Amino acid sequence: LAATAWRAAEGVAQWESAHAHGIEISKAQRIAERGFIDAIGKTPLIRMKRLSEETGCEVLGKAEFQNPGGSVKDRAALYVVEAAERSGKLRAGGTVIEGTAGNTGIGLAHVCRSKGYNLVIYMPNTQSQGKIDLLRLLGAEVYPVPAVPFENPENYNHQAKRHAERTENAVWTDQFDNTANRQAHIETTGPEIWAQTGGKLDAFTCATGTGGTLAGVTRYLKEKSGGKVKCYLADPPGSVLHSYITSGGQLKERTGSSITEGIGQGRITDNLKPDIEMVDGALHIADEKTIEMVYRCLDEEGLYLGASSCLNVVAAKEVAEKLGKGHTVVTILCDGAYRYADRLFSRKWLQEKRLLNSIPERLQKYIVL
Ligand code: PMP
């Protein structure tokens, strides 16, 4: 209670101070009245100082790691749950079921606790015990199942679907093909970027897992700018989307792999389907460049970012260089490095992945594990 009163007092004080300076603060910014879910979104747009100086452009990163669950996936988690509520499939005390090994599960766990739903998570049993433990301590019932391809009926996504079918008042949120995911970015991330830049942006770069972020933000920015904002997919090795876009729509077999987690895709999900044609181009970003950027962001910007964020930043830098001085490029800082520190900052792991030589000498002091 004391903490609540303190937060409320702090909110009022902030509002009064802002008001005195002529700044309007919306109700949602003062107090997250509906709890966790009201604290999702409205993230800062951070100017990447060194990269902006280096390119002569404004390179801006949307600080999605500041969402309360720690990633961009909080937005999609809230939207898929609220879509299920609106459809009547999920009622009070019901169960949300999803196949996920990462940030979506964490976002869903928080949203479900906040709204009073049970959460069941299916994931491949190749995932670390740390992820399983984290989801369990956030209140989820976790089923690690054999890691088999999507085509196999025993794949974790299909098992999640079947669990929902045999459970009363339960819903499979289906993040890959449920377009409420994309809608979160059409209605929140895209408008926030547009408002924060005053509509003065030239390009947007974004990696894809489900495709919700890329597709939703692209759709909004294209509509608002009359097609002027250029939108680019940033793809890691092992994903097929880069070649799909650059070859004019041919889907190849997946080959190769990447250190990035949560991104890379082997098919055109329903979240991507309507909007992927609007994407202007694609950049293929090698792990060597991504890992160097993890260390650069930490050293030069004070940003402790996960690999997918840094792949996005490399893509933003390359697009800025291509466009030339004076342009504004926005990207997504998907999550922080906290969950990946034992790999990204471990000498042994970097050696195993043959990435140690990609870290410049002056940045090797950050390899502390
Ligand atoms: N980065 C990270 C760390 C993620 O967990 C995800 C989602 N799996 C993404 C990026 C991609 O987001 P989206 O699903 O919206 O394509």
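Using full-length UniProt numbering, the first residue of the sequence shown is number 10, and each one after it goes up by one.
All residues carry an ideal CB built from backbone N, CA and C; glycine is no exception.
Here the structure is a predicted model, which is why all the values come from computation and not from measurement.
Item: Proximity of E67 and R56 at Cβ, strictly below 9 Å; Value: yes
Item: Cβ pair A110, Q192 closer than 9 Å; Value: no
Item: Closer than 8 Å: V151 CB and nearest ligand 1 heavy atom; Value: no
Item: DSSP state of G208 mapped onto helix, strand, coil; Value: coil
Item: Reduced DSSP secondary structure (H/G/I, E/B, other) of K239; Value: strand
Item: Three-state secondary structure assigned by DSSP to P153; Value: strand
Item: Residue closest to T299, alpha-carbon to alpha-carbon, out of A212, E270 and K58; Value: E270
Item: Cβ contact check for the region 226–234 and the region 344–355: 3 or more pairs under 8 Å; Value: no
Item: Buried or exposed (CB count within 10 angstroms, at least 16 for buried), N134; Value: exposed
Item: Among Y304, A41, N366 and Y165, the one whose alpha carbon lies nearest that of A346; Value: Y304
Item: beta-carbon C343 near ligand 1 non-hydrogen atom, thresh 8 Å; Value: yes
Item: Cβ-based burial, K357 [other Cβ within 10 Å; buried from 16]; Value: exposed
Item: Selected residue, minimal CA-CA separation from R100, among T255, K51 and G125; Value: G125
Item: Three-pair Cβ contact test at 8 Å for the region 75–83 versus the region 103–117; Value: yes
Item: Reduced DSSP secondary structure (H/G/I, E/B, other) of L364; Value: coil
Item: Spatial distance of L60 from N112 (CA atoms); Value: 27 Å
Item: Closest Cα partner of P153 within the set M132, H251 and G139; Value: M132
Item: Same chain, Cβ closer than 6 Å to S318, neighbours up to 5 away in sequence not counted; Value: L342 and C343
Item: Proximity test, G315 beta-carbon vs ligand 1 heavy atom, cut-off 8 Å; Value: yes
Item: Cβ-based neighbour list, A17, same chain, cut-off 8 Å, excluding 5 preceding and 5 following; Value: For A17, the predicted structure reports a pLDDT of 46, less than 50, and the residue's modelled location is therefore unreliable. A value from the coordinates is still provided. For A17, where only same-chain residues beyond five positions count, the Cβ hits under 8 Å are I40.
Item: Euclidean distance between Cα positions of D279 and G103; Value: 26 Å
Item: Endpoints, the alpha helix (DSSP H) within which V303 is located; Value: D296 to R305
Item: Start and end residues, alpha helix (DSSP H) containing R84; Value: K82 to S96
Item: Residues of its chain near I254, where Cβ-Cβ distance is below 8 Å and the 5 sequence neighbours each way are ignored; Value: L242, I285, V288, G290 and A291
Item: Three-way DSSP call (helix, strand, coil) for A18 in this model; Value: A caution first: A18 carries a pLDDT of 48, below 50, which makes its placement in the model unreliable, though a value can still be read off. A18 falls in the helix class under three-state DSSP.
Item: Under the three-state DSSP convention, the category F185 falls into; Value: coil
Item: Beta-ladder partner(s) of E47, from DSSP; Value: A quick correction: the sequence has Asp, not Glu, at residue 47. Beta-bridge pairing links D47 to no other residue.
Item: DSSP beta-bridge partners of P53; Value: Answer is none; P53 lacks a bridge partner.
Item: Inter-residue Cα distance where the pair is A173 and A85; Value: 19 Å
Item: Own chain partners of V322 with C-beta closer than 8 Å, once the 5 adjacent residues on each side are dropped; Value: M57, L60, V68, G70, M302, C306, L314, T340 and L342
Item: Environment of N190 [buried if 16+ CB atoms lie within 10 Å]; Value: buried
Item: For G50 and T197, believed in contact at Cβ under 8 Å, the rounded distance; Value: 5 Å
Item: G78 beta carbon near ligand 1 (any heavy atom closer than 8 Å); Value: no
Item: Beta-carbon spacing of A324, C240 below 9 Å; Value: no
Item: Supposed close pair W247, G258 - CB separation, criterion 8 Å; Value: Per the sequence shown, residue 247 should be read as Gly rather than Trp. Going by Cβ atoms, the distance from G247 to G258 rounds to 20 Å, so no, they are not a contact pair.
Item: According to DSSP, residues forming a beta bridge with K71; Value: L54 and I341
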